[in-house]
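*Asks:*
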Amino acid sequence: MTTNRLERLTGLLPARMRGQVGAYFDALEVFMEVRDPKVLAALGPSGVRGLLLQRGKQGVPSLMRASHEAHFDWTYSSEHPEMRELYTRAKRGQWDADVVLDWTRSVDPLDPNVPILPDDFLDFEDLEGLLGVRLTAGERKKILHSLAAWLLSQFLHGEQGALFAAAQVTEAVQFFDGKLYGATQVMDEGRHVEVFHRYLDTKLERLYQINDNLFVIIDALMTDSRWDMKFLGMQIMVEGLALGAFGTLYQQTKEPLLKDLLRYVIQDEARHVHYGVLALREHNKQLSEAERREREDWSFEVALLMRNRFMAWEVYEEWFEGKLTREQWKGFVTRAPGMSQFRHVMFSRLVPNLREIGLISARMIPRFEKTGLLQYMGGLSADRLDGDRLVAELDRAA
Ligand SMILES: [Fe+2]
Ligand SMILES: [Fe+2]
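If you use the working numbering, the sequence shown corresponds to residues -12 to 385, in order.
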């Protein structure tokens, strides 16, 4: 069924129901977008829980059954000097948000002189053209406030996923040096949950529910029994998404507390992705050809899902449901300058890491080319990009 026809049909329904049906069709579209049957089988159950049942939005805790094995090695053999080095760096890089961040600073999300997101993060003329009305300066600020709170809420939910995934991976991984390192990452992610929640709660005074697509990815990797799939999902894909989003927001925000907070978080995240690259580069060499292909396909499809599906639907539902069609909103968000930059920063981090861990073979090149991702192939992978360099690069490009 074409989108136009669909919109005409759903247009006949009352507004509330229209939203629900629109969301269902959107979910269906995700399933149809994933063309690889194996990937679909792997993501399917999580997709049903996240997209159709919207388990993240029921106002009750979500329970996800973990099924990995905890790996004990009683010999404690230290065989990975680079991981050990990261552990040492991580210990020294610990920070206390009570001490290093100035929480006494008052933040007014509607203050035009200290914007959380700049006006040109969105193309308001584009939006006004679609709506057929002009927005006041105050309305623009409120929409940007919503979008900033939505983005930061998704960071927070992602960080909760990262905290639990880091704990699982620390149990499951077979490298002793990796376990020690993992313990520091658990602490890092705990701190990230703390700071994003505190900023949202006390400064923006708003919290959005988890985006359905983010729920699907988190659910899929929490419940997968294979540690390397958790790793691929969290340390490479979700951390790549996070670095893209944190980096963009760090470059764009003029609010000093948020900028400081993000600088600290980015430094930690750079180590996390570095660890992911180290562990998977070694592990992936031992995979069978079929196993490697499965991971190639999975990571490619998840990358596209992250690109095509991170559409701030929750903000749409709050502000524009009934005024814009879902298709119009999608086009608007896709074209928005801030969101394009976010996708650019995300893929310039993600693609070189996939290359480095052996998941972009010759077979995949045409697919990367077709989707416009090949341009990022030559970038530096995370093992060669520490936190300071990453922040310096963001400062230079800002
Ligand atoms: Fe984190
Ligand atoms: Fe992380």
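Every residue, glycine too, gets a C-beta built ideally from N, C-alpha and C.
Three-state secondary structure (DSSP) at glutamate 192?
*Replies:* Here residue 192 refers to the residue found at position 205 of the sequence shown. Coil.
*Asks:* Within 10 angstroms of the Cβ of alanine 124, are there 16 or more other Cβ atoms? Answer buried if so, exposed if not.
*Replies:* Residue 124 sits at position 137 when you count from the first residue of the sequence shown. That one is exposed.
*Asks:* Considering just the uninterrupted stretch of the alpha helix (DSSP H) at tyrosine 394, what are its terminal residues?
*Replies:* Nothing can be reported for residue 394, as the shown portion of the chain is limited to -12 through 385.
*Asks:* Out of curiosity, what's the CA-to-CA distance linking glycine 165 and serine 275?
*Replies:* The count along the sequence shown starts at 1 and reaches residue 165 at position 178. The count along the sequence shown starts at 1 and reaches residue 275 at position 288. Taking the straight line joining both Cα atoms gives about 23 Å.
*Asks:* Just tell me which of Arg250, Phe307 and Leu292 has its CA closest to the CA of alanine 379.
*Replies:* In the sequence shown, residue 379 corresponds to position 392, counting from 1. With distances taken between Cα atoms, alanine 379 lies closest to Arg250.
*Asks:* Run through DSSP, which three-state label would leucine 73 get?
*Replies:* The residue labelled residue 73 in the question sits at position 86 within the sequence shown. If DSSP states are grouped into helix, strand and coil, leucine 73 belongs with the helices.
*Asks:* Which word fits methionine -12, buried or exposed, when buried means at least 16 other C-beta atoms lie within 10 angstroms of its C-beta?
*Replies:* Locating residue -12 in the sequence shown gives position 1, counting from the first residue. The pLDDT assigned to methionine -12 is 44, lower than 50, so where the model puts this residue is not dependable; a value taken from the coordinates is nonetheless given after this. Residue environment analysis places methionine -12 among the exposed positions, since fewer than 16 neighbouring C-beta atoms fall within 10 angstroms of its C-beta.
*Asks:* Looking only at its chain, what residues have a beta carbon closer than 8 Å to the beta carbon of threonine -10, apart from the 5 residues adjacent to it on each side?
*Replies:* For the purposes of this step, residue -10 is taken as residue 3 along the sequence shown, with counting starting at 1. Because the pLDDT at threonine -10 is just 49, under 50, the model does not fix this residue reliably, and the point stays unresolved.
*Asks:* Take leucine 265 and list the residues in its own chain whose beta-carbon comes closer than 7 Å to its own, dropping the five residues that flank it on each side.
*Replies:* Within the sequence shown, the letter at position 278 stands for residue 265. Excluding residues within five positions, the ones whose Cβ falls inside 7 Å are Glu69, Met70 and Asp370.
*Asks:* Around ligand 2, what residues have a beta-carbon under 6 Å from a heavy atom of it, in chain order?
*Replies:* Ala149, Glu176, Glu226, Glu256 and His259
*Asks:* Of all the options Gly34, Leu73, Leu292 and Leu50, which has the alpha carbon lying nearest to the alpha carbon of tyrosine 262?
*Replies:* Along the sequence shown, read from residue 1 onward, the residue named residue 262 stands at position 275. Selected option, being the one with the closest Cα: Leu73.
*Asks:* For phenylalanine 163, collect the residues of the same chain with a Cβ closer than 7 Å to its Cβ; drop the 5 residues on either side in sequence, then sort them by chain order.
*Replies:* Along the sequence shown, read from residue 1 onward, the residue named residue 163 stands at position 176. For phenylalanine 163, where only same-chain residues beyond five positions count, the Cβ hits under 7 Å are Asp60, Tyr63, Ser64 and Ser65.
*Asks:* Just to confirm, is the Cβ distance from glycine 227 to phenylalanine 329 under 7 Å?
*Replies:* For the purposes of this step, residue 227 is identified with residue 240 of the sequence shown, where counting begins at 1. For the purposes of this step, residue 329 is identified with residue 342 of the sequence shown, where counting begins at 1. The answer is no: Cβ separation not under 7 Å.
*Asks:* Compare the Cα-Cα distances from glycine 119 to each of Ala136, Met333, Lys310 and Ala323 and report the closest residue.
*Replies:* Here residue 119 is taken as the residue at index 132 of the sequence shown, counted from 1. Selected option, being the one with the closest Cα: Lys310.
*Asks:* Is leucine 104 helix, strand or coil by DSSP?
*Replies:* Position 117 of the sequence shown, counting from 1, holds the residue named residue 104. In this structure, leucine 104 counts as coil in the three-state DSSP scheme.
*Asks:* Kindly examine ligand 1 and report whether one of its heavy atoms sits closer than 6 Å to the Cβ of histidine 179.
*Replies:* Numbered from its first residue, the sequence shown carries residue 179 at position 192. Yes; taking the cut-off as 6 Å, the Cβ of histidine 179 has a heavy atom of ligand 1 nearer than that.
*Asks:* Measuring CA to CA, which of Glu308, Ala154, Asp98 and Thr157 is closest to lysine 129?
*Replies:* On the sequence shown, residue 129 is found 142 positions in, with the first residue counted as 1. Looking at the Cα atoms, Asp98 is the closest of the given residues.
*Asks:* Grab the span of the alpha helix (DSSP H) containing threonine 240 for me, first residue to last.
*Replies:* Position 253 of the sequence shown holds residue 240. Element bounds for threonine 240: n/a, residue is neither H nor E.
*Asks:* Could you check if glutamine 222 is buried or exposed, using at least 16 other CB atoms within 10 Å of its CB as the buried criterion?
*Replies:* Position 235 of the sequence shown holds residue 222. With 16 or more other Cβ atoms within 10 Å, it is buried.
*Asks:* Is DSSP giving leucine 311 helix, strand or coil here?
*Replies:* To locate residue 311, count along the sequence shown from 1; it is residue 324. Three-state DSSP puts leucine 311 in a strand.
*Asks:* Cα-Cα, which of Leu361, Met364 and Thr235 is closest to methionine 326?
*Replies:* One-based indexing of the sequence shown puts residue 326 at position 339. Nearest of Leu361, Met364 and Thr235 to methionine 326, Cα basis: Thr235.
*Asks:* Look up isoleucine 352 in the DSSP assignment and say whether it is helix, strand or coil.
*Replies:* Indexing the sequence shown from 1 puts residue 352 at position 365. Three-state result, isoleucine 352: helix.
*Asks:* In chain order, what residues of the same chain have a beta carbon less than 7 Å from the beta carbon of leucine 245, not counting five sequence neighbours either side?
*Replies:* Counted from its first residue, the sequence shown places residue 245 at position 258. So the list reads Ile103 and Tyr186, once near-sequence residues are dropped.
*Asks:* Spatial neighbours of leucine 150 within its chain, please: C-beta separation below 7 Å, excluding the five flanking residues on both sides.
*Replies:* The residue you call residue 150 lines up with position 163 of the sequence shown. The answer, listed in chain order, is Val173, Glu176, Gly177 and Val180.
*Asks:* Could you tell me whether any non-hydrogen atom of ligand 4 is closer than 6 Å to the CB of glutamate 146?
*Replies:* The model on display carries ligand 1 and ligand 2 but not ligand 4.
*Asks:* Quick check on DSSP: helix, strand or coil for valine 160?
*Replies:* Numbered from its first residue, the sequence shown carries residue 160 at position 173. It is coil, neither helix nor strand.
*Asks:* Please state whether DSSP places alanine 207 in a helix, a strand or coil.
*Replies:* Within the sequence shown, residue 207 is the residue found at index 220, counting from 1. Note: alanine 207 maps to helix in three-state DSSP.
*Asks:* Pop quiz: arginine 279 and leucine 219 are said to be a contact at Cβ under 8 Å. What is the actual Cβ separation, rounded to whole angstroms?
*Replies:* For this step, residue 279 is matched to residue 292 along the sequence shown. For this step, residue 219 is matched to residue 232 along the sequence shown. Between arginine 279 and leucine 219 a beta carbon distance of about 11 Å is seen, past the 8 Å cut, so the two are scored as non-contacting.
*Asks:* By how many angstroms is the C-alpha of glycine 43 removed from the C-alpha of isoleucine 197?
*Replies:* As a working mapping, residue 197 is identified with position 210 in the sequence shown. As a working mapping, residue 43 is identified with position 56 in the sequence shown. Roughly 6 Å between the two C-alpha positions.
*Asks:* Would you kindly work out how many angstroms separate the C-alpha atoms of arginine 294 and asparagine 100, rounded to a whole number?
*Replies:* In the sequence shown, the residue the question calls residue 294 occupies position 307. In the sequence shown, the residue the question calls residue 100 occupies position 113. Cα-Cα distance, rounded: 31 Å.
*Asks:* Which of helix, strand or coil does DSSP assign to glutamine 81?
*Replies:* Sequence index remark: in the sequence shown, residue 81 carries index 94 (1-based). Three-state DSSP puts glutamine 81 in coil, outside helix and strand.
*Asks:* What did DSSP end up calling leucine 198 once you bin it into helix, strand or coil?
*Replies:* Along the sequence shown, read from residue 1 onward, the residue named residue 198 stands at position 211. Position check: residue 198 holds asparagine in this sequence, whereas leucine was assumed. In this structure, asparagine 198 counts as coil in the three-state DSSP scheme.
*Asks:* Expressed to the nearest angstrom, what Euclidean distance is found between the alpha-carbon atoms of serine 286 and valine 94?
*Replies:* Along the sequence shown, one-based indexing puts residue 286 at 299. Along the sequence shown, one-based indexing puts residue 94 at 107. C-alpha separation (whole angstroms): 38 Å.
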